[in-house]
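Residue numbers (numbering that gives the first Met the number 0), protein chains in the order written: chain A, 0 to 398; chain B, 0 to 398; chain C, 0 to 374; chain D, 0 to 374.
Yeah, the Cβ is synthetic: ideal placement off N, Cα and C, and Gly gets one too.
In this text, all values refer to a predicted model and were calculated from it rather than measured experimentally.
These notes concern the structure reproduced below.
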Amino acid sequence: MNIDFSEQELAFQAEVRAFLQAELPAQTSEKVKQGLRPSKEQTVAWQKILHKKGWMAPNWPVEYGGTGWNSTQRFIWETERTAFGAPEVVAFGVKMVAPVIYTYGNEEQKQRFLPDIIQSNVWWCQGYSEPNAGSDLASLRTAAVQDGDDYVVNGTKTWTTLGQYADWIFCLVRTGGPDMKNQEAISFLLIDMKTPGITVSPIYLLDGTPEVNEVHFDNVRVPVTNRIGEENKGWTYAKYLLTHERTGTARVAGSKQRLTALKAKAANTGDGGQVLSENPAWQQKVAEVEIELLALEYTELRTLAAVSTGKAPGPESSMLKLIGTEVQQAIDELNVEMAGYYGLPFVPEQLDDDYDGLMIGPELAANSAPAYFNNRKATIYGGSNEIQTNIICKAILGL
Amino acid sequence: MNIDFSEQELAFQAEVRAFLQAELPAQTSEKVKQGLRPSKEQTVAWQKILHKKGWMAPNWPVEYGGTGWNSTQRFIWETERTAFGAPEVVAFGVKMVAPVIYTYGNEEQKQRFLPDIIQSNVWWCQGYSEPNAGSDLASLRTAAVQDGDDYVVNGTKTWTTLGQYADWIFCLVRTGGPDMKNQEAISFLLIDMKTPGITVSPIYLLDGTPEVNEVHFDNVRVPVTNRIGEENKGWTYAKYLLTHERTGTARVAGSKQRLTALKAKAANTGDGGQVLSENPAWQQKVAEVEIELLALEYTELRTLAAVSTGKAPGPESSMLKLIGTEVQQAIDELNVEMAGYYGLPFVPEQLDDDYDGLMIGPELAANSAPAYFNNRKATIYGGSNEIQTNIICKAILGL
Amino acid sequence: MDFSYSEEQQMLRDSIGKFISQDYDFDSRRAIVDSDTGYSMEHWKTFAELGWLTVPFKETDGGFGGSAVDLMVVMEEFGKGLLVEPFLANTVLAGTGLSEAANEQQKQTLLQPLMEGNLQLAFAFAEPQSRYQLADVQCSGQIEDNQIVINGHKAVVLNGEAADKLLVSVRTSGQTTERHGISLIVVDADSAGISHRAYTNVDGHRAADIWFDQVTVPVSNLLGEADKAIEIIEMVIDRAALAVCAEAVGAMQISLERTVEYTKIRKQFGVTLASFQALQHRMARMFMEVEQARSILLMAAMEMDRLDGRAPRALSAAKSRIGKAARKVGQESIQIHGGVGVTDELDVGHYFKRLTTIQYQFGSTDFHTARFAGS
Amino acid sequence: MDFSYSEEQQMLRDSIGKFISQDYDFDSRRAIVDSDTGYSMEHWKTFAELGWLTVPFKETDGGFGGSAVDLMVVMEEFGKGLLVEPFLANTVLAGTGLSEAANEQQKQTLLQPLMEGNLQLAFAFAEPQSRYQLADVQCSGQIEDNQIVINGHKAVVLNGEAADKLLVSVRTSGQTTERHGISLIVVDADSAGISHRAYTNVDGHRAADIWFDQVTVPVSNLLGEADKAIEIIEMVIDRAALAVCAEAVGAMQISLERTVEYTKIRKQFGVTLASFQALQHRMARMFMEVEQARSILLMAAMEMDRLDGRAPRALSAAKSRIGKAARKVGQESIQIHGGVGVTDELDVGHYFKRLTTIQYQFGSTDFHTARFAGS
C-alpha cells in the first residue's frame, strides 16, 4: 500500500503538464478558473486540440480511439487538467452516448457516429427527463410509433442541458404498448435535431441563464436505423449509462482547484481590520470542507483501484456522486460568503469575454451567488441525491 | 407584546427565592447542580417541604391541592427552582398518574390515591413499555383476565424508571380479546407493588446504574376496583397522559443552569496556555447551543401563552420535547469535551455523598461521560424523537 | 409577559397581507423587478397613504409608534410577498438614522417627506474592504471652513440609484477601523463629483456602488455630532438586521408552505412525494427551523424595545439563528422541489435567493455568532 | 499508487480476526474488563507469541516492519473486537517512544522484553492543566549530580497501574508551554515517592493518575537528549492518534453492521425498523461516514510512511474527520437501536463508549481541525 507515483507515472505527469502549458488557450483557462462556462466556440476549439493529441476520449476502448490510460493516469490527467483550468469535455457525446453506441450499437452506427464525436464535429444532448417525471426515469411518456421505416415521435423532453447548441439528441422513448411495464417498453433513439417537428425552448435557471431546455417533438420522423440495439430494451442501455455517468461526478480535482483559489482569495479579503483567512470560524469551515474532499479523493481512488482490478463500478459510485456534489455546493457557498456584500450584485455582463466596463466587486465575487444558485441542481440531476441514497440502502446495506 | 414581569409577578418571584433560600437542603442542591440524582430520602424530604408550602402540585386543579399558578408563575417557579438546584419532583406520581386519576378516576379512587401522592407518602412508577414493543405502545402483551373481583395479570413491563423504589405502579394491560384492535383492548390499572407475584429486576444502563427495571407479573391479582375508568378504554387515558407528559420536557430552565455552570467552568479550564472559554471553536459551539436554547425558551413561552388562553397543548409539544432533548444532549457532550482526558476515568464512588477520598479530575468532569451515555435515553423515551417527528408530520404539516 | 399583538398591530398586519394577496402576486412582482426603476411608485404611494412608511417612527415625530415589534410585523408580511419596494433602504436604514440623529430642521426636511413617500433616501455605510466592521471607514470627509469635502467609494448601497439624498458615513478624523472619528453626512445625490454604477441584486432589490470625488457639502449637512456617529450607525444596522430577520421569517413560512403543498401533489414512482418518510422528516425539521426562528425573532424584537442595553446581544442571537434557519429552509425547499426548484419560473427559487442574501446582509451568521459569544 | 495489502498484512489481519471471533466474544471481553487487572495476561502472551507486539517496530530492532499501514491493520481489527489489552499504552505509546529515542542499551532492556510481552510500560505525558498541548509540562525534572529528581502529577496514564516502568515527560528547563526544555525519562513504577490512584476508564481500559514526590533516578534513564524531547513526544502522540483512528474505523464498521442487522429483525407497528425510509437514509449516511473515515485513515497512514514532513497535517485531517464520523455513527447506532441501545447488556453501547473516548484522546476533533487549518 503506497501513494507514490512510479517513474513512468511521473513521466506521464510531465508530458501532461507540458501539453497543457503549450496548448491550452489562455482566455479559456481564465474563464474556467473563474467558474464560468466557456463559449461553444472555445469549448469546441479545445476539444479539437485534445483530439489532435489523441486525448479526447480516455474513457473509450483503444480500438475506437481511447487513450488506454490506467486509473492512475486518468487521475493524473484530471488533476493536471483542472489545475491548469482546462475545460471539461462536454459529456453528452464522448462520455454518454458514445459508450452506448460502441457497447450496444451496430457496426454501421459506430462508423457513422463515433468519428464525429471524437472529432467534436457534432454536439450531442440528452433526452431523458420529462416534465412531471423527475428522478423517476422509467415513467416517461414520449412515444415513438413505427410507421414504415420510421418511428414517429411525439412528446416533450426537459432539463436538456445545452440543447440550444446541439446537433443531435439521444432519447429514451416509449415504444411498447400501454399494457407493458415501463421498463420493458422503452427504446433508445438517436435523433437529428434538424428533423422537422423539433422545437427547443429555453428554461431559465435561478442564475438567469438558459442552460437547460425543453425539447418538443411534434410528429418527428426518425429512421428505425437510428435505434440503438433492440426495441424495448432501451432501459438496459440507459441504466448502463447511468452507472457510467456517476463515476467521475465526484469532481475531486475541480473542487481542489476551487478550494485553492478560495483560500488564496480569502487571504486578500478584508475582515474587520484583519483578513478573512485568519477568521477562526472561516478557517474551521474551510478546513472541514478541505478534509471532506481529501477523504473523498481517497474514496474515489479506492473505487478506481477496485475498478482497475476488474470490478465493475458498483453502487459505491452513488456515494461519490452524493458527497462530491455536497462538497461542490459547500465551495459554492463559501464563495458567496467570502464575497460578503459583493455577493449581492447581479452583473452578468461583466463576466463576458469582451466586457471592458467598470468591475463591481473583487475577483470571484461577481459569479459567486449565481453559481451557488445554479449549482443547487448538482444534488438534483443525474439521479437526485435521494435516489443515490436509496441505491446505497438497497444495493449496499440490503435495506 | 412585551416580556416584562408585572409587579405581582415580581413579588411572586421574590417569594419563590426567599422560600428556596430558606428551605432547600444544601447537600441536595449541591448534588443537583453537579447533575447527579439525589437519593430517595433526599427527594422525598424535599417533596414534603414543598407540600408543606403548598407547592407540590402546580399542575393540579386547585380543588385537589394545586397552586392555581398561571403560566408565567410556573415559568418563574421553574426558572428559580432550577437556578437554586432544587430537585425536580418525581413525575410518576404527581405529574403522570395523578392527572389520570383526577380526570378519569372515580371519587373513591381520588380520595384513596391523591392525598398520598401530594404528601409523597407513596412512590409511583410507570408500566407502559414492554420488551420488543419500543415506541409502539399499542402493541402490548401484558394480559389481565378477570376472575371474580380481581384481574389476574401476567406479563412483563420494562424501562420502569426507579421501579426499585416504587410502592405502586400504573400499568397498561390488555383486557380485550385477541380479535380486538390493540387500541380498543387496553385498560389502565393501578397495582400495589407488594402484591404477590411481582418481581423487579434491574436493567443496567451505559453509565452502570440500575436506573430502570423490568417488572414481571406472574398471576398477580389486582382488584377490579383498581381499574381507572372503563375497561378497554385505557388507551384514551394513556394518550391524554402522553400529551400531558410532553409539556415541560423541554427542560429549558435546567439546561440554562447547566450552560451557565459550563461556561463558568470553561473559564477555568486550561487549554494550551490559554483557557478553554477563549478557544474560538469552543466559543462558537457553546454560543450555538445557547442560542438554540434561547429560541426554545421562547417557543415554550409561546406555547404556554397559547395554553393560558385556553388552547390545549397541541402537537407543538412534540417540538418542545424534540429540541429540548437535543439541547440537553448537546450540553452533555460539551461537558465531556470540556473534561478532556478527565472525561475518561469512571470513578462513580467519588460522586457519593459520603466520599472523602482523593478526587480524580476537576469539578463536573467525573460525571460528564456517564451522564452523556445515560442521557442518550432522552431522545428515545417518552415517545422517541422519531415518533415526535411523525406527530409533527401528521398533525401539523398534514403529511 | 404578553405575546399577543395589539389591535393596531393586527390591523397593520392584515392590511399588508391584503395588499400582497390582492396586488402583489408573483407575476406582478416579477414585472416590477424587471421594470426600469425596480419598484412601483404607485405601490410606494399606497404605502404612504396607508401609513406604513411611518411605522418605525416615534409618535412625537409623526410616526406610528416606532417599536421594534411594529417593524417586525411589517417586515414579516413583506417577506411573505418578497416585496422589493425600497422600504429597507428608506424607512429602516435611512429612517432610523434620521430618527436617532437628525435635528428638528432635518426631521422637517427629510423625515417628514420620507414618511409621506415624497423623498427617496439611501444609507451608504459599507465599503469594499469593510465587510461587516462598521468602523472600517476609509471614505474621507475633510471639514474646512464650514464645508465638508468627501472622497471615497461606498459599496452595494441599497436604493443607491433612485435616492434623492444619500446618508454617508465618512471618516472625519482618526485611523481606519477606529471607532472615534466617523461622521454621518447628508449628501444630495446629484452633487458634483458623485458617480455611480447601478445594478439589480440577485434578490431583485436595486443597489449601486457610489464614488465620491471632491464632493463638497455644507457642515450643516452633518447628521448628529461630527466624529461620533459610530453608535448611531450600529443602531441603524442592528435595526436593519432585525428587519431582515423578520422578512426571513415571513419568507421561510411561505417556502415551507409551498414545499409541503408541492409534495402533496407531485407524484413520483406512482405515489406523492409527501408519502416518502425521509422527505417527511426533513419537512418536519424545516418546520422546527421556522418556529425556532420565529421565537428568537420575537425575543430580539422585545429585547430591542426594552432599551436596557441588551439589544445587540439579543439581535446577534436572532441573526445567527435565523441565518441558519434561512439557509436550511431555503436549500431544502429547492432540493425537495427537485429540478423545477432551480428554475426561474417558480416562486420558491426566488424565496431561496432572498433567504440567501439576508444571510450576508448586516453581518453574516458567523459574524453574529461570534458577536453573541463575545458579549 | 497501490491500495492493496501485502501478503504479510493480510495474514496479520486474518490472524487477529480469527483470534477475536474465537476467543474474544462480547462476554469474554466483559469478563476481562471486570477482572482485577482489566486485561488477560494469557491473551497478552498469545499476542507476543503471534508476533503482534512487534508490529510497529523496525526490522533492525527485531520488529515486524514498523510501517504505519501495518499498525493500522492491527488496530482496525482490535477495534472490531473492542480489545482492552494494553496494546496502545505499551506497544504504540511507550513502544514508539523507545523506537524513536532509546539508545542501544535501552532497546535491549526495554524494547526487547516489551516485544516479548514480558514488560509492561506506560507513557505519562498528560497533566491536569495541559489538555492537548504537549509542551504544557509542569512536572519538573531537576538534573543534579547525575541524578534527576522528579516532582509533579501526570493525568490519566493508560496502563498506569500495571506498568513496570513509566516513560515520563518532565520539564528539565524553560517555562511551562515552552517547547524547549522537555525531557523523557524512564522511571521504575515502584520507585520511592511514586503514588497513584488507578481506575477503569468508561471505555473499559485501565488508567491511573500518578504523583511524583522527589522521585530520584539516574541521568542514564534519560530517553534521548535532555531538553529536546518535544518532537519525540509529538511523534508518539501522532502515532497513537493514528492507532485510535484505525481502532475507530473497525469499531464503526461493527456498529454499522449491528445497527443494520437489528433494524432488519426488530419490528415496530407491525413492520421492521428497516422498512422506515427515514431510518434507511440515516443508515446510508452512517455507511458514508464509515467509508469516508476509512479513506482518510488510509491517506494518513500512507502519508505517515512517506516521512516527508506532511504526516502531522495528514494525521490531523484524519483525526478530525474520523472524530466526526465516530460521533455520528456512535450516536446514531444508539438512537436507531432505541431503548436497548442505552443498556449495558448490548454490545452496541460499548462500541459507542469507545467511539466517544477516542474523540477526546490525543487531540479532540476541534483540536485537530484547528491544527489542520493552521498547517
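- Item | Assumed close pair residue 19 of chain B, residue 80 of chain B - CB separation to whole angstroms, cut-off 8 Å | Position 20 of the second sequence, counted from the first residue, corresponds to residue 19 of chain B. Position 81 of the second sequence, counted from the first residue, corresponds to residue 80 of chain B. 7 Å between Cβ atoms; contact.
- Message: Using 8 Å as the threshold, is the C-beta distance between residue 407 of chain B and residue 165 of chain B below it?
- Response: The structure shown does not extend to residue 407 of chain B, since chain B spans only 0 to 398, so no value can be given for it.
- From residue 1 of chain C to residue 303 of chain B, what distance separates their C-alpha atoms? Reading the third sequence from its first residue, position 2 is the one you call residue 1 of chain C. Reading the second sequence from its first residue, position 304 is the one you call residue 303 of chain B. Going from the Cα of residue 1 of chain C to the Cα of residue 303 of chain B covers about 11 Å.
- Task: For residue 167 of chain A, name the three-state secondary structure that DSSP assigns.
- Result: Taking the first residue of the first sequence as position 1, residue 167 of chain A is located at position 168. Of the three classes helix, strand and coil, the one that applies to residue 167 of chain A here is strand, per DSSP.
- Please name the residue in B/130, B/177, B/221 and B/379 whose C-alpha comes closest to that of residue 266 of chain D. By one-based count along the fourth sequence, residue 266 of chain D stands at place 267. When B/130, B/177, B/221 and B/379 are compared, the shortest CA-CA separation from residue 266 of chain D is found for B/130.
- Item | C-alpha distance - residue 348 of chain C paired with residue 288 of chain B, whole-angstrom precision | The count along the third sequence starts at 1 and reaches residue 348 of chain C at position 349. The count along the second sequence starts at 1 and reaches residue 288 of chain B at position 289. Cα-Cα distance, rounded: 30 Å.
- Would you say residue 1 of chain D reaches chain A, if we count a Cβ-Cβ gap shorter than 8 Å as a contact? Mapped onto the fourth sequence, residue 1 of chain D falls at position 2. Closer than 8 Å: yes.
- Message: To be precise: take each residue of the stretch 344 to 361 of chain C, compare its Cβ to all Cβ atoms of chain A, and keep it if any distance is under 9 Å. Which residues remain?
- Response: 344, 348, 349, 351, 352, 355, 356, 358, 359 and 360
- Name the chain C residues whose beta carbon is nearer than 8 Å to that of residue 330 of chain B? Residue mapping note: residue 330 of chain B aligns to position 331 of the second sequence, counting from 1. Here the premise fails: no neighbours, minimum Cβ distance about 16 Å.
- Query: From the beta carbon of residue 275 of chain C, is the nearest beta carbon of chain D less than 8 Å away?
  - Reply: Within the third sequence, the letter at position 276 stands for residue 275 of chain C. For residue 275 of chain C, the answer is yes, since a Cβ of chain D falls inside 8 Å of its Cβ.
- For residue 351 of chain B, does the count of other Cβ atoms within 10 angstroms reach 16, so buried, or fall short, so exposed? Within the second sequence, numbered from 1, the residue matching residue 351 of chain B stands at position 352. That one is exposed.
- Just the Cα atoms here: how many angstroms apart are residue 316 of chain A and residue 387 of chain A? Counting from one through the first sequence, the residue named residue 316 of chain A turns up at place 317. Counting from one through the first sequence, the residue named residue 387 of chain A turns up at place 388. Distance between the alpha carbons of residue 316 of chain A and residue 387 of chain A is about 9 Å.
- Item | Local conformation of residue 209 of chain A per DSSP, three classes | Start at 1 with the first residue of the first sequence, and residue 209 of chain A comes out as number 210. In the structure shown, residue 209 of chain A sits in coil (DSSP, three-state: anything other than H, G, I, E or B).
- Task: Using a cut-off of 8 Å between C-beta atoms, extract the partners of residue 273 of chain B located in chain A.
- Result: For the purposes of this step, residue 273 of chain B is taken as the residue at position 274 of the second sequence. By Cβ distance, chain A contributes nothing, its closest Cβ being about 13 Å from residue 273 of chain B, past 8 Å.
- For residue 133 of chain C, which residues of its own chain have a beta-carbon under 7 Å away from its beta-carbon, when the five flanking residues on both sides are left out? Translated into the one-based positions of the third sequence, residue 133 of chain C becomes position 134. If we look at residue 133 of chain C and ignore the five residues flanking it on each side, its Cβ neighbours are 124, 229, 232, 233 and 236.
- Message: Please state the DSSP three-state secondary structure of residue 300 of chain A.
- Response: Taking the first residue of the first sequence as 1, we reach residue 300 of chain A at position 301. Reduced to three states, the DSSP call for residue 300 of chain A is helix.
- Does the beta-carbon of residue 6 of chain B have 16 or more other beta-carbons within 10 angstroms, so that it is buried, or is it exposed? By one-based count along the second sequence, residue 6 of chain B stands at place 7. When all chains shown are included, residue 6 of chain B counts as exposed.
- Message: Within 8 Å, do at least three Cβ pairs link the stretch 239 to 256 of chain C to the stretch 185 to 195 of chain C?
- Response: no
- Taking any Cβ of chain D, which residues in the stretch 278 to 298 of chain C have a Cβ under 9 Å from it, in chain order? 278, 279, 280 and 281
- Take the Cβ of residue 30 of chain B as the centre, count every other Cβ of all protein chains shown within 10 Å, and call the residue buried at 16 or more, exposed below. The sequence position of residue 30 of chain B within the second sequence is 31, counting from 1. Residue 30 of chain B is buried by the Cβ-count criterion.
- Taking the alpha carbon of residue 86 of chain B as the point to measure from, which residue in B/32, B/112 and B/333 has its own alpha carbon closest? As a working note, residue 86 of chain B is residue 87 in the second sequence. Taking only the C-alpha atoms, the option nearest residue 86 of chain B is B/32.
- Message: Between residue 272 of chain C and residue 262 of chain C, how many whole angstroms is the CB-CB distance? I'm expecting something under 8 Å.
- Response: Stepping through the third sequence from its first residue, residue 272 of chain C is reached at position 273. Stepping through the third sequence from its first residue, residue 262 of chain C is reached at position 263. That pair is a contact at about 4 Å.
- Starting from residue 18 of chain A and walking both ways along the beta strand (DSSP E), at which residues does that stretch end? Within the first sequence, residue 18 of chain A is the residue found at index 19, counting from 1. Residue 18 of chain A -> not in any beta strand (DSSP E); alpha helix (DSSP H) instead, spanning 6 to 22.
- Of the residues A/297, A/264, A/273 and A/305, the one placed nearest residue 285 of chain A, counting alpha carbons only: Residue mapping note: residue 285 of chain A aligns to position 286 of the first sequence, counting from 1. Cα-wise, what sits closest to residue 285 of chain A is A/264.
- Task: Would you tell me roughly how many angstroms separate the C-alpha atoms of residue 121 of chain B and residue 84 of chain B, rounded to the nearest one?
- Result: The residue labelled residue 121 of chain B in the question sits at position 122 within the second sequence. The residue labelled residue 84 of chain B in the question sits at position 85 within the second sequence. Using only the alpha carbons, I get a separation of about 24 Å.
- Message: Tell me the residue span of the beta strand (DSSP E) that contains residue 275 of chain B.
- Response: For the purposes of this step, residue 275 of chain B is taken as the residue at position 276 of the second sequence. No beta strand (DSSP E) contains residue 275 of chain B, which DSSP labels as neither H nor E.
- Message: My parser needs the alpha helix (DSSP H) runs of 4 or more residues fully inside the stretch 213 to 271 of chain A; what are they?
- Response: 233 to 245 and 251 to 265
- Short CB-CB distance (under 8 Å) between residue 414 of chain A and chain B: This structure does not reach residue 414 of chain A, given that chain A is present from 0 up to 398, and the question cannot be answered.
- Query: Around the C-beta of residue 21 of chain A, are 16 or more other C-beta atoms found within 10 angstroms, so that it is buried, or is it exposed?
  - Reply: To locate residue 21 of chain A, count along the first sequence from 1; it is residue 22. It is exposed - the Cβ of residue 21 of chain A has fewer than 16 other Cβ atoms within 10 Å.
- So what does DSSP say about residue 268 of chain D, is it helix, strand or coil? To locate residue 268 of chain D, count along the fourth sequence from 1; it is residue 269. Note: residue 268 of chain D maps to coil in three-state DSSP.
- Would you tell me roughly how many angstroms separate the C-alpha atoms of residue 17 of chain A and residue 23 of chain A, rounded to the nearest one? Position 18 of the first sequence, counted from the first residue, corresponds to residue 17 of chain A. Position 24 of the first sequence, counted from the first residue, corresponds to residue 23 of chain A. So the two alpha carbons sit approximately 10 Å from each other.
- Message: Does chain A have any CB closer than 8 Å to the CB of residue 208 of chain C?
- Response: As a position in the third sequence, residue 208 of chain C is number 209, starting the count at 1. Yes, because at least one Cβ of chain A sits closer than 8 Å to the Cβ of residue 208 of chain C.
- Task: Identify which residue in D/211, D/269, D/129 and D/224 has its Cα closest to the Cα of residue 181 of chain D.
- Result: The residue given as residue 181 of chain D occupies position 182 in the fourth sequence. That would be D/224, whose Cα lies nearest to the Cα of residue 181 of chain D.
- Task: State whether the stretch 355 to 364 of chain C contacts the stretch 210 to 221 of chain A, with contact taken as three or more CB pairs (one from each stretch) at a distance under 8 Å.
- Result: no
- Query: Would you call the stretch 143 to 163 of chain A and the stretch 59 to 74 of chain A in contact, with 3 or more CB pairs under 8 Å?
  - Reply: At 8 Å Cβ cutoff, the stretches do not touch.
- Message: So, at 6 Å on beta carbons, what are the nonlocal neighbours of residue 39 of chain A in its own chain, with the 5 sequence-adjacent residues on each side left out?
- Response: Position 40 of the first sequence holds residue 39 of chain A. Correct list, in chain order: 164.
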